[in-house]
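Participant:
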Ligand SMILES: [Zn+2]
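In our numbering, the protein residues as written are 1 to 235.
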């Protein structure tokens, strides 16, 4: 009995670490999402915004096509380009939290992780009026302790199940192929609308109108992640 108690206490203060992402997705299916319900809907998602080199071009395409998407914003970039973040919001897209400075969460302590999320949410709220409930971890990396904190604080952590690999500077045809070959009902598609020094996302931007028209032809509609997952966009 006492031995059992001891084990429990230990687990409480020191949650098990080291589960893989796919194990975490299975263990926390409601908090950690990589796809939506298997109906003919997809969500386009764009990371690393706002970036004046690429984000306006992505927004122009989406406006022309009449598609709403979800953008994951970095705190430092949002501080630097608030009007571009405001444009994303004004044009009807959803905004999620992509950390303060693109830190790799699973290398951070819980306090550092919490600071990344909360600091960024304060910045996003000061610009858009809303604190996102969606977190996308940079590189998709998060650990169990952080996931538990997210669950307790009513966040959803959202990765993807279709990776365009556009950050590699791929051509329009390559990006199109990566997306269309892997997309099925409920897909969450990862692209970028911002990047580091020397990033080239023109292939990804050029692929977008054709990806949209091809998926429409196949009967898909486009939804934001809050709509797909049935969660509020912010508070
Ligand atoms: Zn990123």
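Where a beta carbon is used, it is the ideal one built from N, C-alpha and C, also for glycine. Predicted model, so just to flag it, every value in this text is computed and none were measured.
Is the closest heavy atom of ligand 1 to the C-beta of residue 102 under 7 Å?
Facilitator: Taking the chain shown and counting its residues from 1, the one referred to as residue 102 is at position 102. Because some heavy atom of ligand 1 lies under 7 Å away, the Cβ of residue 102 counts as near it: yes.
Participant: Counting beta carbon pairs with one atom in the stretch 31-45 and one in the stretch 163-176, are three or more of them shorter than 8 Å?
Facilitator: Contact fails: fewer than three Cβ-Cβ distances are below 8 Å.
Participant: Alpha helix (DSSP H) containing residue 113: first to last residue?
Facilitator: For the purposes of this step, residue 113 is taken as residue 113 along the chain shown, with counting starting at 1. Here the alpha helix (DSSP H) through residue 113 covers 110-128.
Participant: For residue 224, which three-state DSSP category applies?
Facilitator: Walking along the chain shown from the start, residue 224 turns up at place 224. Coil at residue 224, not helix or strand.
Participant: Would the stretch 194-204 count as touching the stretch 220-228 if we require 3 or more Cβ pairs under 8 Å?
Facilitator: No, they do not touch.
Participant: Using only the heavy atoms of ligand 1, determine whether one of them is closer than 7 Å to the beta carbon of residue 56.
Facilitator: By 1-based counting over the chain shown, the position of residue 56 is 56. The answer is no for residue 56.
Participant: Buried or exposed: where does residue 33 fall if 16 or more other Cβ atoms within 10 Å of its Cβ makes it buried?
Facilitator: Translated into the one-based positions of the chain shown, residue 33 becomes position 33. Its Cβ being crowded by 16 or more others within 10 Å, residue 33 is buried.
Participant: What span of residues does the alpha helix (DSSP H) with residue 61 cover, start to end?
Facilitator: Taking the chain shown and counting its residues from 1, one reaches residue 61 at position 61. Counting along the chain, the alpha helix (DSSP H) containing residue 61 begins and ends at 55-65.
Participant: Note down the Cα distance separating residue 10 from residue 101, rounded to an integer number of angstroms.
Facilitator: For the purposes of this step, residue 10 is identified with residue 10 of the chain shown, where counting begins at 1. For the purposes of this step, residue 101 is identified with residue 101 of the chain shown, where counting begins at 1. With a pLDDT of only 43 at residue 10, under 50, the local geometry of the prediction cannot be trusted, and the value read off the model is given with reservation. Spanning the two alpha carbons is a distance of roughly 33 Å.
Participant: Assuming the contact rule is C-beta atoms closer than 8 Å, residue 72 and residue 119 should be a hit. Round their C-beta distance to whole Å, please.
Facilitator: Position 72 of the chain shown holds residue 72. Position 119 of the chain shown holds residue 119. Actually they are not in contact, since the Cβ atoms of residue 72 and residue 119 sit about 15 Å apart, beyond 8 Å.
Participant: Helix, strand or coil for residue 92, going by three-state DSSP, please let me know.
Facilitator: Here residue 92 refers to the residue found at position 92 when the chain shown is read from its first residue. In this structure, residue 92 counts as coil in the three-state DSSP scheme.
Participant: In the stretch 128-210, which residue ranges form an unbroken beta strand (DSSP E) of at least 3 residues, counting only runs that do not cross its ends?
Facilitator: Those beta strand (DSSP E) runs which fall completely within the stretch 128-210 and span 3+ residues are 156-158, 187-192.
Participant: Using the DSSP secondary-structure output, state which residues sit across from residue 73 in a beta bridge.
Facilitator: Indexing the chain shown from 1 puts residue 73 at position 73. Answer is 49, 97.
Participant: Closest to residue 162 by CA distance: which of 85, 26, 179 is it?
Facilitator: One-based indexing of the chain shown puts residue 162 at position 162. With distances taken between Cα atoms, residue 162 lies closest to 179.
Participant: How close, in whole Å, do the beta carbons of residue 138 and residue 99 come, if the pair is a contact with beta carbons under 8 Å?
Facilitator: Taking the first residue of the chain shown as 1, we reach residue 138 at position 138. Taking the first residue of the chain shown as 1, we reach residue 99 at position 99. At roughly 5 Å, the Cβ-Cβ gap stays under 8 Å, so residue 138 and residue 99 are in contact.
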